[in-house]
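2 protein chains.
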Amino acid sequence: MRPSRALRLERSDTRMHALLEAALEVFALRGYRTARLDDVADAAGVTKGAIYHYFDTKEALLIGVIEHYQALAFGRAEDALREPGIPATARIRLLLRKVFGHSDIGSRGRLLTLLLRGVAHEVPRVHERWLREGPARLWAMLASLVEEGKKSGEFRPDADGEVGARVLVSGLMLQRMWQQHAGEVPELAVDYDRLLDSSVELFIASLRGTGGG
Amino acid sequence: MRPSRALRLERSDTRMHALLEAALEVFALRGYRTARLDDVADAAGVTKGAIYHYFDTKEALLIGVIEHYQALAFGRAEDALREPGIPATARIRLLLRKVFGHSDIGSRGRLLTLLLRGVAHEVPRVHERWLREGPARLWAMLASLVEEGKKSGEFRPDADGEVGARVLVSGLMLQRMWQQHAGEVPELAVDYDRLLDSSVELFIASLRGTGGG
DNA sequence: ACAATAACATACTCGCGAGTATGTCACCCG
DNA sequence: CGGGTGACATACTCGCGAGTATGTTATTGT
């Protein structure tokens, strides 16, 4: 094992990222099982041999994709939590916009598409991990921000954000995913940024007023 | 082609339904591509030969499943729209409870699981049809009920239900689907009936008050 | 300059599962 | 009470795509 040069490592790293990006695209569009590794290779401008040079198996490639892009998404989310000196209400807005804003969550919502698709039972380990760490973690973050807001007096003391947070998060996820089909199915199209803002405000309003039973 | 007896037809019909049910179960749990027709046959207590006696191809079986259960679901939804002499608010509650109530949408939410999974690009025709007729049609129904409520004075005249309806419907769909994984992933578990009621009330409240920008 | 290896490309294997071909039995009609 | 058909079961084919084995080239340490 001779130590290789920095140039090699860098080129290898670039190629690796190209493969991850191509795989995300192809897996999201064609589905994990349906997608051929040759498709991924084509999309990345290489051959199947290159893929097997970096990943042991098709499943390993999938896991690589998900872990890479999920780490990116949660990185952004945690940035919002650490943003200094802003009230809980603003922090909620920031968090949701960082996660669901149109330039995020893996290029153009592809990660969501991938996760919400058949990956589930095809690769059980991956499935459990993302179900546990994805949506659940997101509304746990929201829940803690709601508590923060109650202490600061922004929200009424008896506000219960759980139901709202759950429906909001899952609704935004699905809408985000469907925007990729808005071209073929015009009924699905919306101004997603407006939808994001409006629904977040709706959520916040429900924490302030006395509405809801 | 000799006219066959009623008994034969009835038995054949029963078997057909058993196949549809087994296919829904297996496709939803294992995914369309991943599922083997032998699995479906096993689940129905028959062999692959029986399947090919009723359906020309695997895709035809999938289409059969979706059309059958989707027709059931929309039948219930339209019942709610036709229910005579009740105010729009109650009609909204009824509609959503009929569609998302725990005994509906194909046995135990399996249809949703099937639809939200990889079926998408694996069978493009099916995909487009359900995207067009499923969620979109649902929030179109809601939108018309909102208009009804505005005329009757139940909701404020400038209320805009579109964003709320979209997020509500897609949120409920995803939460419903995830309840099937609540056993393995406790973070996902909720009292779904309570979540349904609460979020519906939240939606209605947003149409009444002066909240939201 | 040369050996060694990383970084791929190319050509093959091999199992899995959709689809098919054929057999078999029960039952209804005449 | 036979023969014809419907309703399956059984046994086979065959293509597709993951994984593998092997070749080829550029680069680097010595």
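Taken in order, these protein sequences are the chains called A and B.
Residue 66 in this note's numbering sits at position 57 of the first sequence, with consecutive numbering throughout.
Residue 115 in this note's numbering sits at position 106 of the second sequence, with consecutive numbering throughout.
Positions of the beta carbon are idealized from the N, C-alpha and C atoms, including for glycine.
Treat the numbers as computed from the prediction; the structure is a model and nothing was measured.
Taking the alpha-carbon positions, what's the leucine 211/B to alanine 174/B distance?
For leucine 211/B and alanine 174/B, the distance between alpha carbons rounds to 11 Å.
Cutoff 8 Å: threonine 56/B Cβ touching any chain A Cβ
Under the Cβ criterion of 8 Å, threonine 56/B is not counted among the residues facing chain A.
Compare the C-beta of threonine 43/B against all C-beta atoms of chain A and say whether one is closer than 8 Å.
By the rule that beta-carbons nearer than 8 Å mark a contact, threonine 43/B touches chain A.
Cross-chain neighbours of leucine 104/A in chain B, by beta carbon under 7 Å:
Within chain B, no residue comes near leucine 104/A; the closest Cβ sits about 16 Å away, beyond 7 Å.
Contact list for histidine 190/A against chain B, beta-carbon separation under 9 Å
The answer, in chain order, is Ala129, His136, Glu137 and Leu140.
Compare the C-alpha of glycine 40/A against each of Leu120/A, Ile95/A and Ala59/A and name the closest.
For the residues Leu120/A, Ile95/A and Ala59/A, the minimum Cα distance to glycine 40/A belongs to Leu120/A.
Contact under 8 Å by Cβ, leucine 9/B with serine 179/A:
There is no way to answer for residue 9/B, as the model of chain B reaches only from 10 to 222.
Span of the alpha helix (DSSP H) around proline 144/B:
Counting along the chain, the alpha helix (DSSP H) containing proline 144/B begins and ends at 144-160.
Runs of 4 residues minimum, wholly inside the region 160-217 of chain B: which ones carry the alpha helix (DSSP H) assignment?
Counting only runs of 4 or more, we get 171-187 and 201-217.
Which chain A residues are close to glycine 173/B, counting only those with a beta carbon under 9 Å from its beta carbon?
Residues of chain A passing the Cβ test: Ser207, Ser208 and Leu211.
Could you check if leucine 29/A is buried or exposed, using at least 16 other CB atoms within 10 Å of its CB as the buried criterion?
Burial call: buried.
Please give the ranges of any beta strand (DSSP E) in the region 29-71 of chain B, keeping only runs that are unbroken, at least 3 residues long and fully inside the region.
Runs of the beta strand (DSSP E) inside the region 29-71 of chain B: none found.
For valine 108/B and leucine 177/B, I'd like the C-alpha separation in whole angstroms.
Rounded to the nearest angstrom, the two C-alpha atoms are 13 Å apart.
Quick check on arginine 117/A: does DSSP put it in helix, strand or coil?
Arginine 117/A: helix per DSSP, three-state reduction.
Among Arg24/A, Ala69/A and Gly73/A, which residue has its Cα nearest to the Cα of valine 55/A?
Taking only the C-alpha atoms, the option nearest valine 55/A is Arg24/A.
The region 147-157 of chain B in contact with the region 85-102 of chain B per 3-pair CB rule at 8 Å:
Because the criterion of three Cβ pairs below 8 Å is met, the region 147-157 of chain B and the region 85-102 of chain B touch.
Shortest alpha-carbon distance to leucine 104/A belongs to which of Leu151/A, Leu125/A and Leu38/A?
The option with the nearest alpha carbon to leucine 104/A is Leu151/A.
Can you have a look at arginine 134/B and say buried or exposed, based on whether 16 or more other CB atoms are within 10 angstroms of its CB?
It is exposed - the Cβ of arginine 134/B has fewer than 16 other Cβ atoms within 10 Å.
Residues of chain B with CB under 9 Å from valine 49/A, in chain order?
The contacting residues do not exist; valine 49/A stays about 15 Å from chain B at best.
Tell me whether the beta-carbon of leucine 9/A lies closer than 8 Å to the beta-carbon of histidine 190/A.
No information on residue 9/A is available, as it lies outside the stretch 10 to 222 that chain A covers here.
Ends of the alpha helix (DSSP H) at valine 108/A?
Run containing valine 108/A: 97-109, per the alpha helix (DSSP H) assignment.
Given proline 166/A, which residues of its chain have a CB within under 7 Å of its CB, disregarding the five upstream and five downstream residues?
Counting only Cβ-Cβ distances below 7 Å, and skipping sequence neighbours, we find Lys159.
Just checking my contact of alanine 27/A with alanine 53/A at CB under 8 Å: how many whole Å lie between their CB atoms?
Yes, they are in contact, since the Cβ atoms of alanine 27/A and alanine 53/A sit about 5 Å apart, within 8 Å.
Chain-ordered residues of the region 139-173 of chain A with a beta carbon less than 7 Å from chain B:
Listed by position, the residues of the region 139-173 of chain A near chain B (Cβ gap below 7 Å) are Leu140, Arg141, Ala145, Val172 and Gly173.
With H, G and I counted as helix, E and B as strand and the rest as coil, what does DSSP make of arginine 126/A?
When secondary structure is reduced to three states using DSSP, arginine 126/A falls in the coil class, being assigned neither helix nor strand.
Which same chain residues end up closer than 6 Å to arginine 45/B when comparing Cβ atoms and leaving out the 5 residues on each side of it in sequence?
Close CB contacts of arginine 45/B within its chain, under the 6 Å cut and outside five residues either way in sequence, are absent.
Using a cut-off of 9 Å between C-beta atoms, extract the partners of leucine 181/B located in chain A.
Near leucine 181/B (Cβ distances below 9 Å), the residues of chain A are Val176, Ser179 and Gly180.
What in chain A is Cβ-close to glutamate 196/B, meaning under 7 Å?
Near glutamate 196/B (Cβ distances below 7 Å), the residues of chain A are Arg141 and Ala145.
So glutamine 79/A contacts chain B; which residues on that side make the cut at Cβ distance below 8 Å?
Within chain B, no residue comes near glutamine 79/A; the closest Cβ sits about 16 Å away, beyond 8 Å.
With a Cβ-Cβ cutoff of 8 Å, do valine 172/A and leucine 204/B count as a contact?
Contact: yes.
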